[in-house]
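> Here you go, one structure.
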Amino acid sequence: MSLTHNGSGRFDVWAPNASDVTLLASGRQYPMVLTPAAPGADGWWSAPDAPADVDVDYGYLLDGDPHPLPDPRSRRVPDGVHALSRTYDPASYAWQDSGWRGKELRGAVIYELHLGTFTPDGTLDAAAGKLGYLAELGVDFVELLPVNGFNGTHNWGYDGVQWFAVHEGYGGPAAYQRFVDAAHAAGIGVIQDVVYNHLGPSGNY
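In terms of the numbering used here, the sequence shown is numbered consecutively and its last residue is 235.
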């Protein structure tokens with residue numbers, strides 16, 4: 031599902047092996063249709079009649095299965111990687127870092143940071159509260175271990191499954207934006223460690 035800057039959007043999902051796909055959004059079902067295939071775009075389904083808005087809980091029903099699956103490209107999975115997705119508009123956040131101009135990587139001091147163990151709370155907001163300490167140490171960049179959605183509560187991040195969603199236990203997407211803002215305010219850049227060559231075993235729909 032994608033949202034534009036004004037909050038409108040469209041529900042699309044890639045399900046090349048499905049013969050029937052239904053969108054479940056806010057408790058209502060919307061039949062999906064195969065999108066006219068562009069070169070290399072086979073298998074995309076769309077729900078043109080479904081109203082797309084922010085904070086909509088949704089999932090997909092495949093081939094008559096009554097159990098909805100989350101959107102593998104969703105930006106938020108607030109109840110875990112096996113539950114419904116929720117729409118999120120990144121443009122809803124008011125950035126405060128207009129003065130940030132970046133930093134030179136060559137010769138920089140990079141602090142690798144695992145959010146789950148960096149503070150007792152294990153959240154982005156708690157980590158943001160420690161950025162002043164890192165700045166005093168002379169840290170130029172923090173490199174966050176993967177933050178995308180994974181099953182459970184404790185994980186290094188290397189078997190995540192929701193590539194575009196920030197793990198809710200860390201605070202979700204809005205907390206990620208707040209962390210980046212706070213890092214820039216402290217004069218610290220943010221590097222994001224990512225893993226795109228495999229998925230974890232649980233929730234890899």
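Ideal Cβ positions, reconstructed from N, Cα and C, are used throughout, including at glycine.
Please check the pair Asp223 and Leu175, which I expect to be a contact at CB under 8 Å, by giving their CB distance rounded to whole angstroms.
By one-based count along the sequence shown, residue 223 stands at place 193. By one-based count along the sequence shown, residue 175 stands at place 145. So it is a contact: roughly 5 Å between Cβ atoms.
> Give me, in chain order, the residues of the same chain whose beta-carbon lies closer than 7 Å to that of Leu161; leave out the 5 immediate sequence neighbours on both sides.
For this step, residue 161 is matched to residue 131 along the sequence shown. Cβ within range, chain order: Ala212, Ala213, Ala216 and Ile218.
> Relative to the C-alpha of Asp189, which residue among Gly57, Ala124 and Val111 is closest?
Taking the sequence shown and counting its residues from 1, the one referred to as residue 189 is at position 159. If we check each option's Cα against that of Asp189, Val111 comes out closest.
> Given that a residue counts as buried once 16 or more other Cβ atoms are within 10 Å of its Cβ, and exposed if not, what is His184?
As a working mapping, residue 184 is identified with position 154 in the sequence shown. Exposed, because fewer than 16 other Cβ atoms sit within 10 Å of the Cβ of His184.
> Apart from the five residues on each side of it in sequence, which residues of its chain come closer than 7 Å, Cβ to Cβ, to Leu164?
Numbered from its first residue, the sequence shown carries residue 164 at position 134. Counting only Cβ-Cβ distances below 7 Å, and skipping sequence neighbours, we find Tyr141, Val172 and Ile218.
> Please confirm whether Val169 and Leu145 have their CB atoms less than 8 Å apart.
For the purposes of this step, residue 169 is taken as the residue at position 139 of the sequence shown. For the purposes of this step, residue 145 is taken as the residue at position 115 of the sequence shown. Contact: no.
> Which residues in the same chain as Gly187 place their Cβ atom closer than 6 Å to its Cβ, once the five residues preceding and following it in sequence are excluded?
As a working note, residue 187 is residue 157 in the sequence shown. Hits under 6 Å: Leu175 and Pro176.
> For a test of the three-state rule: what should DSSP assign to Phe148, helix, strand or coil?
Position 118 of the sequence shown holds residue 148. Note: Phe148 maps to helix in three-state DSSP.
> For Ser128, which three-state DSSP category applies?
The count along the sequence shown starts at 1 and reaches residue 128 at position 98. Coil.
> Please classify Gly159: is it buried, with 16 or more other beta-carbons within 10 angstroms of its beta-carbon, or exposed?
Numbered from 1 along the sequence shown, position 129 holds the residue referred to as residue 159. Gly159 comes out exposed.
> Val63: buried (16+ other C-beta within 10 angstroms of its C-beta) or exposed?
Position 33 of the sequence shown, counted from the start, is the residue given in the question as residue 63. Answer is exposed; the Cβ neighbour count stays below 16.
> On the CB-based measure, 16 or more other CB atoms within 10 Å of its CB, does Ser115 come out buried or exposed?
Your numbering for residue 115 matches position 85 in the sequence shown. Its Cβ being crowded by 16 or more others within 10 Å, Ser115 is buried.
> Taking the straight line between their C-alpha atoms, what separation do you get for Val84 and Leu54?
The residue you call residue 84 lines up with position 54 of the sequence shown. The residue you call residue 54 lines up with position 24 of the sequence shown. If I take the Cα positions, the gap works out to 15 Å.
> Could you pull out every unbroken alpha helix (DSSP H) segment of at least 4 residues lying fully inside the segment 35-123, listed in chain order?
For the segment 35-123, not a single whole alpha helix (DSSP H) run of length 4 or above is found.
> CA-CA distance, Leu229 and Tyr88?
On the sequence shown, position 199 is the one that residue 229 refers to. On the sequence shown, position 58 is the one that residue 88 refers to. Roughly 22 Å separates the two Cα atoms.
> Express the C-alpha separation of Thr52 and Leu99 in angstroms, rounding to a whole number.
Here the question's residue 99 lines up with position 69 in the sequence shown. Here the question's residue 52 lines up with position 22 in the sequence shown. Answer to the nearest angstrom: the Cα atoms are 11 Å apart.
> Which residue comes first and which comes last in the alpha helix (DSSP H) that contains Val210?
The residue you call residue 210 lines up with position 180 of the sequence shown. Here the alpha helix (DSSP H) through Val210 covers Gly202 to Ala215.
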